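Enquirer: Numbering (our numbering), first residue to last: 113 to 950.
Note that CB positions come from ideal geometry on N, CA and C, so glycine has one too.
In this text the structure is predicted, and so the values were computed from the model without any measurement.
One structure is given below, represented as structure tokens, and several questions about it will come after.
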């Protein structure tokens, strides 16, 4: 489906209407030649801004996505496996009455799925009475036998994928009950769309999303044991490498719950705890985004590094509740869909308000015969999701492909279902050529507290404009859309939906101060270190590049010698050594943009992003557009003949903005102590290394003076040096002035003494009296140093002092890591049976 080129007199609406009429089927905007009810909210805006306005909105949407760091796919140590999330600026609009009917169907479905879950892990009457064939459930990989009989198995969160059938009715495509993703993306879509269509959004009477997340937080808290007054809720993530890592981090921020990984948790005495060097904090509810079979290497997959040994036993004892329960993934079983209408009659005495696509389970012989006879027009799905088996669209297969599929179904009939295809409605997508129709799937979200089910008044819409594929999913590159639900309740449009007023005060009390887990402390520390490392390196390279621009073509001059000293110092500080035959200018360039080379500015910035992604819930949202801008700056290297200065200036501008956001946004608690401690350690070590590489060798006075001034400029202290020298406030000799300012002056924010004092303050926030004492001893050592002795003679005393302080600082940093950053050892698979017969 491609957009037709618009004629000069033909607007984007007319061109789009012609396209959808040619396609046939149901469209979200048009019913034949008429605009559907409620859609004029957007179509009138499109008609007024025209194609240029739409393209501007499309470009602005992409810029905002980049600035906010919205992505699908994860980050690894050196590889970016993700891609930017793509949001079409035009929302999907659903009218008040239509949404009310949809909500009723979703409420019913949530109730039904809860009853089915209770039965499958309880009395299993549905299996005994053969309402559902036993192989459909007991043979499914997401039926977790270890979870059988565990009480309190509430489906707190859920999602449902829907599409319109040929008659325009919403039809269920899939239920998501294991670890539903996408609620964070839905809010991200709303934030972007409301900015690119600001006037339309502001004037529209829409149901807002924010209150639903408050309701979700309350519902998760209500899942805890009744004897817990202030439940501790955490969101368990597979980590920054997860495909939906952004969604998880943003959701944790919206809910106000800590984002944790397996390394942050442990089970002791049948209870789940957050690990911390200071104290343990018991966890009452886990909102998991880790697949069930990876959650406990002791009772489930023994090779899992994503789970916590003993977690199943803790849930079995009832000390911790899981949302959603281990084993809830069995409800996503496509084989169940064939039997849900009868199950609804059995458990509810009702017809399904939201039908599913007509489905045949191939484990039943007549159903299998029907599916095999109609392979060319059916969707054939595996009953279990997974990377190996996927849905096949019979009409997209050639004869050989259908024969292969037939053999697969005949070999393992219980593992497959056939479904009537749902045509799916079309919705407009903004493309460079105009509006193009794409097939639409809507994901809705719901939460269930102790009494009610609450549906998010909106959702996540995804559109596929590739006519050659019938698959609509984020993994396949579908485009996202915001979902606007029209509301006639103007008093409650921006308010709290679903939670009764008396529940509101409990949300304030829901979370106590959380212990800082070693993984969080470690990543915060390295956020500070990598940000400071990138800044210090950029400042040093900027000075060296200025010298190279002035003196590289004048060998033998004092300026050229100073340049060589500073280039060699940069190599010593960063560890980036020149390759054979590489000149100083090329060597400086190699220290900037190579992300794979340790020591470069780009490498430090990439590691900064990795560390920040791992503690996204601890950092201000404002930091992400700065990091995005930093990534763009480093991704556009200057031409070979252009100076590095402009690029380094832009890098420093972004890094200073990061520092500003961090300093002005973080509460001065233990988390701040770790982050600021990283900054102080890195700046002190950088300064010590720079002084050691430049000022510990005697040189002719003219060169020594130039080198000293270059060091002061790279350390942001040249103005103070000049002011003090001319006013007589400081030492007259450049060496003495630089040593005083950068090593001993406790009032200079760039000095080693200042960093040691601030490090002591950070360690006090961490509550470690022993390390504070060591920091005080290091400060006393600096106070005892005599400036004249350090700068006398061959400067050996200066070199010795720098080495002594550097070793003490490294030891202090190492002890900090040992005390606070210790990770759990990786789980190891034990082969063979153990524990005897059961």
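1) Taking the CB atoms as reference points, tell me whether residue 799 and residue 886 lie closer together than 8 angstroms.
2) With 16 other CB atoms within 10 Å as the buried threshold, where does residue 723 fall?
3) Would you decide whether residue 617 is buried or exposed? Buried here means 16 or more other CB atoms lie within 10 Å of its CB.
4) Between the Cα of residue 657 and those of 678, 666, 647, spot the shortest distance and give me the residue it belongs to.
5) Do residue 439 and residue 222 have their beta-carbon atoms positioned less than 8 angstroms apart in this structure?
6) Kindly identify the DSSP beta-bridge partner or partners of residue 378.
7) Express the C-alpha separation of residue 288 and residue 774 in angstroms, rounding to a whole number.
8) Quick one: what's got a C-beta closer than 7 angstroms to residue 847's C-beta in the same chain, skipping five residues either side?
9) In terms of residues, what are the limits of the beta strand (DSSP E) holding residue 434?
10) May I ask you to report which of helix, strand or coil DSSP gives residue 523?
11) Under a three-way DSSP split, which group does residue 531 fall into?
12) For residue 865 versus residue 891, is the C-beta distance shorter than 8 angstroms?
13) Please state whether DSSP places residue 778 in a helix, a strand or coil.
14) If I measure Cβ to Cβ from residue 777 and keep anything under 6 angstroms in the same chain, skipping five residues before and after, which residues do I get?
15) Relative to the C-alpha of residue 354, which residue among 725, 934, 929 is closest?
16) Under 8 angstroms: do the region 782-798 and the region 761-770 share three or more Cβ pairs, one atom per stretch?
17) If you reduce the DSSP assignment to three classes, tell me which class residue 590 lands in.
18) For a test of the three-state rule: what should DSSP assign to residue 624, helix, strand or coil?
19) Is there contact here, the region 643-660 with the region 824-831, by at least three beta-carbon pairs under 8 angstroms?
20) Quickly, what does DSSP pair residue 288 with across the bridge? List them, please.
21) Residue 201 and residue 309 - do their beta-carbons sit closer together than 8 angstroms?
22) Do the CB positions of residue 709 and residue 688 come within less than 8 angstroms of each other?
23) Quick one, which of 154, 494, 569 has its alpha-carbon nearest residue 209's?
24) Check this for me: beta carbons of residue 329 and residue 535, under 8 angstroms apart or not?
25) Taking the straight line between their C-alpha atoms, what separation do you get for residue 411 and residue 253?
26) Taking only the alpha-carbon atoms, compute the straight-line gap between residue 948 and residue 389 and give it to the nearest angstrom.
27) Could you tell me if residue 528 is buried or exposed, where buried requires 16 or more neighbouring beta carbons within 10 angstroms of its beta carbon?
28) Between residue 430 and the rest of its own chain, which residues show a CB-CB distance below 7 angstroms, the 5 nearest in sequence each way excluded?
29) Can you name, in chain order, every residue of its own chain whose Cβ lies under 6 angstroms from the Cβ of residue 792, other than the five neighbours on each side?
30) How big is the Cα-Cα spacing for residue 256 and residue 404?
31) Please determine, among 133, 735, 125, 888, the residue with the shortest C-alpha to C-alpha distance to residue 161.
32) Between which two residues does the alpha helix (DSSP H) carrying residue 864 extend?
33) In terms of DSSP beta bridges, what is residue 142 paired with?
34) Counting along the chain, where does the alpha helix (DSSP H) carrying residue 817 start and finish?
35) Quick check on DSSP: helix, strand or coil for residue 844?
36) Which ranges would you report for the alpha helix (DSSP H) in the region 452-489 if only whole runs of at least 4 residues count?
Expert: Quick look at the numbers:
1) no
2) buried
3) Because residue 617 carries a pLDDT of 39, less than 50, the predicted location of this residue cannot be relied on, and the following value inherits that uncertainty. So residue 617 ends up on the exposed side.
4) 678
5) no
6) 385
7) 37 angstroms
8) 807, 816, 820, 903
9) 433-435
10) helix
11) strand
12) yes
13) coil
14) 732
15) 725
16) no
17) coil
18) Confidence in residue 624 is poor, its pLDDT being 44 and thus under 50, which makes the residue's placement unreliable; the coordinate value appears in the next sentence. In the structure shown, residue 624 sits in coil (DSSP, three-state: anything other than H, G, I, E or B).
19) yes
20) 271
21) yes
22) yes
23) 569
24) no
25) 15 angstroms
26) The pLDDT assigned to residue 948 is 37, lower than 50, so where the model puts this residue is not dependable; a value taken from the coordinates is nonetheless given after this. Each residue's alpha carbon lies about 36 angstroms from the other.
27) buried
28) 263, 264, 337
29) 867, 870, 871
30) 8 angstroms
31) 125
32) 864-878
33) 147
34) 813-826
35) coil
36) 452-459, 477-485
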